[in-house]
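Report on the structure given below.
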Amino acid sequence: MQRLVLCTGNPGKVAEMRALLPDGIDLLSLRDVELPDDLPETGETLEANALQKARYAFGSSGIPCLADDTGLEVAALGGAPGVYSARYAGEAKDPLANMAKLLRELEGRTDRRARFRTVLALVDADGERTFEGQVSGVITVQAMGTGGFGYDPIFLPEGSALTFAQMEPGSKNALSHRGRAMCRFLDHLAR
Ligand code: IMP
């Protein structure tokens, strides 16, 4: 069985990625390989951060490592918070405070377009690869729904009447940034 370390301590990400991976993969957490949940991510791009985490974990464990870095890019804010999405409202990385800040910043604005972008980095004995997925949508005027995590309650994907937080997990995965990046990763695995 193929082993793979998922380089994230975020339970929401783990659940979504696990749901898309085939049964034949023995999934390990950072804790399983004796690493902390919050690997350093000091890059200025999603790509740099995803690669930094996967490299670190592969260097330490020697097991193939997959890391995710995700950003929410808001058109009216020039692409912010982007790579700084987790710390948008401060070092506490509080999702409620992040959403409240974003809703405040967009108060009264008609252009509410945004997109989520995920970069997955795979680092293994064959080298390094990245896989990207994105989804466009708009930021709602108030939070709706209790599912998902992070900014999900205020993100309405294009063509949907429901925010990510109002969807079943399978529906979010079918059209989300992370689901799309995972499809590219799975295509690579199948080769
Ligand atoms: P990171 O990739 O863990 O650094 O996440 C960046 C920020 O985006 C954090 O505030 C996450 O909660 C948020 N985030 C990541 N993925 C998602 C998602 O699928 N939906 C909503 N928020 C997300």
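When we follow the numbering used here, the leftmost residue of the sequence shown carries the number 4, and every step to the right adds one.
Just so you know, even glycine gets a beta-carbon here, dropped at the ideal spot from N, CA and C.
Setting aside the 5 residues that flank it on each side, residue 76 is surrounded in the same chain by 82, 85, 117, 118 and 120, each with a C-beta closer than 7 Å to its C-beta; the list follows chain order. Beta-carbon to beta-carbon, residue 170 and residue 140 are separated by about 12 Å, too far to satisfy the 8 Å threshold.
One Cα belongs to residue 97, the other to residue 89, and the distance between them is close to 8 Å. Inter-residue distance for residue 172 and residue 185 is about 15 Å (C-alpha atoms, whole angstroms). Counting along the chain, residue 160 sits inside the beta strand (DSSP E) bounded by residues 158-160. Here residue 28 has 5 and 7 as same chain residues with Cβ atoms under 6 Å from its own Cβ, once five neighbours each way along the sequence are excluded. In the DSSP annotation of this structure, residue 69 is not part of any alpha helix (DSSP H); the continuous beta strand (DSSP E) holding it starts and ends at 68-77. Shortest Cα-Cα distance from residue 109 to any of 31, 152 and 158 involves 158. Across the structure, residue 66 and residue 21 are spaced so that their CA atoms are roughly 17 Å apart. In the structure shown, residue 139 adopts extended strand secondary structure according to DSSP, grouped into three states.
Residue 152 is positioned such that its CB atom lies no closer than 8 Å to that of residue 187. For residue 118, the enclosing beta strand (DSSP E) stretches over residues 116-127. Shortest gap from the CB of residue 73 to any heavy atom of the ligand IMP: under 7 Å. Secondary structure at residue 85: strand, using DSSP grouped into helix, strand and coil.
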